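Peer 1:
What follows is the structure, given as structure tokens:
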């Protein structure tokens, strides 16, 4: 399997494994919006590593505005969590 395809599958699987409180399944929009953030901050975590979820929550304040907005819009994260804990401004 080509490395590029394998890498995309790993990222998609890792984001799917990332389950915020209201999440049943991570949407394609979230995968696209948060791909760079996952790689930048939590790429060291394997797909099934319980530390992945914790890592993404801990770096929430550093996540891109695009990622956070998409997480909130899709119901993966509450607006209160994004604005109070992560200190993001959402319009």
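In mature numbering (1 follows the signal peptide of the UniProt record, and there is no 0), the protein residues as written are -24 to -1, 1 to 67.
Just so you know, even glycine gets a beta-carbon here, dropped at the ideal spot from N, CA and C.
Please read all numbers here as calculations on a predicted model, not as lab measurements.
(1) Quick one: using the 10 Å Cβ neighbour count with 16 as the cut-off for buried, is residue 66 buried or exposed?
(2) Residue 31 and residue 43 look like a contact to me (Cβ under 8 Å); what is the Cβ gap, rounded to whole Å?
(3) Considering only residues of the same chain and omitting the five flanking positions on each side of residue 6, which have a CB-CB separation below 7 Å?
(4) Please list the terminal residues of the continuous alpha helix (DSSP H) segment that includes residue 67.
(5) Can the beta-carbon of residue 62 be found closer than 8 Å to that of residue 36?
(6) Just tell me which of 38, 54 and 55 has its CA closest to the CA of residue 12.
(7) Can you list, in chain order, the residues of its chain whose CB lies under 6 Å from that of residue 3, leaving out five sequence neighbours each side?
(8) Measure the beta-carbon distance from residue 56 to residue 64 and round it to whole angstroms, keeping in mind my assumption that it falls under 8 Å.
Peer 2: With the given structure in hand:
(1) exposed
(2) 14 Å between Cβ atoms; not a contact.
(3) -10, 46, 47, 50 and 52
(4) Segment: none, residue 67 is in no alpha helix (DSSP H) and carries neither H nor E.
(5) yes
(6) 38
(7) 50
(8) The pair is not a contact, with the Cβ atoms about 11 Å apart (cut-off 8 Å).
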